[in-house]
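Undergrad: Dropping a structure here in structure tokens format, bear with me for questions.
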Amino acid sequence: MPRRVLQGVVVSDKMQKTVIVNVERRVMHPIYKKVIRRSKRYAAHDEENRCKVGDVVTIRECRPLSKRKRWEVVPRDSAAPGGDASPRSA
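If you read the sequence shown in my numbering, its first letter stands for residue 11, the second for the next number, and so on.
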């Protein structure tokens, strides 16, 4: 089974080698048919402590690294080509 990949915003980088990533998704209400934003926070492993608060990052599922960490930050250079994960130089 392939590993899940999510994209979100770093909301905390106060721990060593760990960042908290807020992932938002849109869900339609079953009765009212209104689109609602749902968010969830994931603890992700950041080996080199590169991520800062406000960065948009891609995370992927991995083996359990601790009690709460089951995700790792995908390095920017190995992200999908043409994606928003890499900064554009003008």
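We put the CB at the ideal spot given by N, CA and C, even for glycine.
Quick caveat, the model's predicted, so the values are computed rather than measured.
#1: Relative to the alpha-carbon of residue 62, which residue among 35, 27 and 41 has its alpha-carbon at the smallest distance?
#2: Out of 87, 67 and 37, state which residue places its alpha-carbon closest to the alpha-carbon of residue 46.
#3: Since residue 34 is in the beta strand (DSSP E), which residue starts that stretch and which ends it?
#4: Would you report the Cα separation of residue 74 and residue 87, rounded to the nearest angstrom?
#5: How about residue 71 and residue 80: are their beta carbons less than 8 Å apart?
TA: On the basis of the coordinates in this document:
#1: Out of 35, 27 and 41, 27 has the C-alpha closest to the C-alpha of residue 62.
#2: 37
#3: Where residue 34 is concerned, the enclosing beta strand (DSSP E) starts and stops at 28-38.
#4: 24 Å
#5: Contact flag set, yes.
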